[in-house]
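Asks:
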Ligand code: HEM
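In the numbering used here, the protein residues as written are 1351 to 1626.
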């Protein structure tokens, strides 16, 4: 984002159509990275990692742990899909801010100079990584949303998601045939890159908005941002691990039994299954 804002060529180009609104665009870019995109990451990775953490909650439940993960993830997806005006929320609350942040992020990144040779500070390296992970995020999120949300399969490479069979179809996406572990590794790398991008972006946002002026304030804010990054990284790793190791057939059995009993609602005390 803006560790070294004075290096941006776009800002210094007189006559550029973007120059007039440059500082507003910079701030909007910073803001959209935090709200709604960064904020979205918390419930999203929390929901996805329920495939793992729900196994460890309710230890006295008669439902086997793996089945609890499948059911909890399905309940969370049902909740999201039951929200009123979901498409409007998605278009204006997620996709448009994402597109704005991505397009202007690529624009700002292509205009600025990393300057690593001249200033060998760690911040410069973080600045370089911020840009690199921004490009990764751009490509990954487009692939991810277009396949899991819009149903593009890219010639069968990325199996699509079915909200009624949430856990099994997400697991299919992660364990797709020959891709197998490569897909899980790809996801892991991209998710961690995005978490870095967000946590580091949060840190530089403190400078953009003039909130962290002293070295001490930057250091303290850095500790907060690092903690946020660690929490999100753990949720991301749990999500990737949970779906890339889930038994797809067994998950389909749980989901099939669930829809047969009561469509889109999970019985609290499902019969024991093959997960025992
Ligand atoms: C860690 C592994 C992840 C898993 C298992 C995962 C899973 C999913 C699934 C299943 C959907 C479809 C949801 C639905 O239709 O109800 C989805 C959508 C989406 N994901 Fe992820 N995701 C992961 C990481 C990420 C990351 C790192 C981002 C970065 C911002 C992200 C951004 C999105 C967005 C923007 C959507 C579209 C949401 C919507 O339009 O409602 N995901 N993801």
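Using N, Cα and C, we set each Cβ at its ideal position, and we do this for glycine too.
Hey, is residue 1511 close to the ligand HEM, as in C-beta under 6 Å from one of its heavy atoms?
Replies: yes
Asks: Between the alpha carbons of residue 1326 and residue 1450, how many angstroms are there, rounded?
Replies: Any answer about residue 1326 is impossible in this case: the structure gives the chain only from 1351 up to 1626.
Asks: From residue 1412 to residue 1418, what does the alpha carbon distance come to, in whole angstroms?
Replies: 10 Å
Asks: Determine the burial state of residue 1429: buried for a count of at least 16 other Cβ atoms within 10 Å of its Cβ, exposed for fewer.
Replies: With fewer than 16 other Cβ atoms within 10 Å, it is exposed.
Asks: Quick one: measure Cβ to Cβ for residue 1518 and residue 1605, integer angstroms, because I've assumed they're closer than 8 Å.
Replies: 6 Å
Asks: What did DSSP end up calling residue 1413 once you bin it into helix, strand or coil?
Replies: Residue state for residue 1413 is assigned as coil, using DSSP reduced to three classes.
Asks: So within the segment 1479-1554, which uninterrupted alpha helix (DSSP H) runs reach at least 4 residues, ignoring any that extend past its ends?
Replies: The DSSP assignment places complete alpha helix (DSSP H) segments of no fewer than 4 residues inside the segment 1479-1554 at 1516-1524, in order along the chain.
Asks: Specify, as a first and last residue, the run of the alpha helix (DSSP H) that residue 1573 falls within.
Replies: Element bounds for residue 1573: 1565-1595.
Asks: Does the beta carbon of residue 1498 fall short of 6 Å from some heavy atom of the ligand HEM?
Replies: yes
Asks: Apart from the five residues just before and just after residue 1576, which ones in its own chain have a Cβ nearer than 8 Å to its Cβ?
Replies: 1549
Asks: Return the CA-CA distance between residue 1554 and residue 1541, expressed in angstroms with no decimal places.
Replies: 20 Å
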